[in-house]
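K.L.:
My structure is below; once you've seen it, I'll send some questions.
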Amino acid sequence: MALLEILRYPDSRLRNKAKPVDQIDAETRQLVDDMFETMYEASGIGLAATQVNSTKRLLVMDISEQHDDPICLINPEIISKEGEEREEEGCLSVPGVHEPVKRAKHIRVKALDRDGSPIELELEGLPAVCVQHEIDHLDGKLFIDYLSRLKRARIRKKLEKEARQADD
Ligand code: NI
3 MALLEILRYP
13 DSRLRNKAKP
23 VDQIDAETRQ
33 LVDDMFETMY
43 EASGIGLAAT
53 QVNSTKRLLV
63 MDISEQHDDP
73 ICLINPEIIS
83 KEGEEREEEG
93 CLSVPGVHEP
103 VKRAKHIRVK
113 ALDRDGSPIE
123 LELEGLPAVC
133 VQHEIDHLDG
143 KLFIDYLSRL
153 KRARIRKKLE
163 KEARQADD
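For the sequence shown, the residue numbers in my numbering are 3 to 170.
The following block contains the structure:
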C-alpha cells in the first residue's frame, strides 16, 4: 500500500469531475486500499478519489473511532434525501477550516462495493453528511462553495499563505 498526496484547495484539479468506474480491476482496488491508508494516516473520516487526483468515481469513509468500519462506495448515487440539518464540516483538502453546511438529514445511497457487488445504504447524521460531502468532491465541488464569497476568499488567502510558507 502507499500513501497518496492529498490535493489542497485552491488546486484546480479538485474541480475535476469524476467518471463512472466501468471495471473494478486490480488497479481500482489498489486505489481504494491506498485511499483508506491515506485517509487513516491523515485522521480523516472520508476521502474521494478526486482528492488524490484520480477521476474514478469512488469514495472511501470510516466514521468509527477504531477504524474498523471501512465503507467503499464505487459509482455512488443518492436515490433519496429527506430532512435538513446544518453541521460543522471540515475537509482534508481544506485543512484547518470548519464551517457549518446545510445537508439532507437522511439519505439512501446505492453503489458498488470494493468487490463490485451492489449495495444500498440508508444513512442519517454524520455518515449521511459524509457521503454527501464526498459525492460533492466527485462532482468537483467543495464544502466551502456553500459559504459566502467573502469567507471563501479569506480561506483561499489563508491556505495560499500556508502553502507559500511550506515551500520556503
Ligand atoms: Ni472533503
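Ideal placement from N, C-alpha and C gives every residue a C-beta, glycine not left out.
Is the closest heavy atom of ligand 1 to the C-beta of residue 132 under 6 Å?
P.N.:
No, since every heavy atom of ligand 1 falls outside the 6 Å radius drawn around the Cβ of residue 132.
K.L.:
Is there contact here, the segment 110-118 with the segment 85-95, by at least three beta-carbon pairs under 8 Å?
P.N.:
Cβ pair count under 8 Å is below three, so no.
K.L.:
Residues in its own chain within less than 7 Å of residue 40 by CB, not counting five upstream and five downstream?
P.N.:
Around residue 40: 5, 6, 8, 49 and 54.
K.L.:
Taking only runs that begin and end inside the segment 58-94, name each unbroken beta strand (DSSP E) of 3 or more residues, in chain order.
P.N.:
Whole beta strand (DSSP E) segments, 3+ residues: 60-63, 73-84 and 87-91.
K.L.:
Apart from the five residues just before and just after residue 23, which ones in its own chain have a Cβ nearer than 7 Å to its Cβ?
P.N.:
Taken in chain order, the residues that qualify are 30, 58, 59, 60, 76 and 77.
K.L.:
Give me, in chain order, the residues of the same chain whose beta-carbon lies closer than 8 Å to that of residue 107; leave out the 5 immediate sequence neighbours on both sides.
P.N.:
Around residue 107: 84, 85, 86, 87, 126, 127 and 130.
K.L.:
According to DSSP, is residue 28 helix, strand or coil?
P.N.:
Three-state result, residue 28: helix.
K.L.:
Verify the contact flag: residue 93, CB atom, against every heavy atom of ligand 1, threshold strictly below 6 Å.
P.N.:
Correct: residue 93 has its Cβ closer than 6 Å to ligand 1.
K.L.:
Ligand 3 and residue 147: does the residue's C-beta get closer than 6 Å to at least one heavy atom of that ligand?
P.N.:
Because ligand 3 does not appear in the structure shown, any question about it cannot be addressed here, the ligands present being ligand 1.
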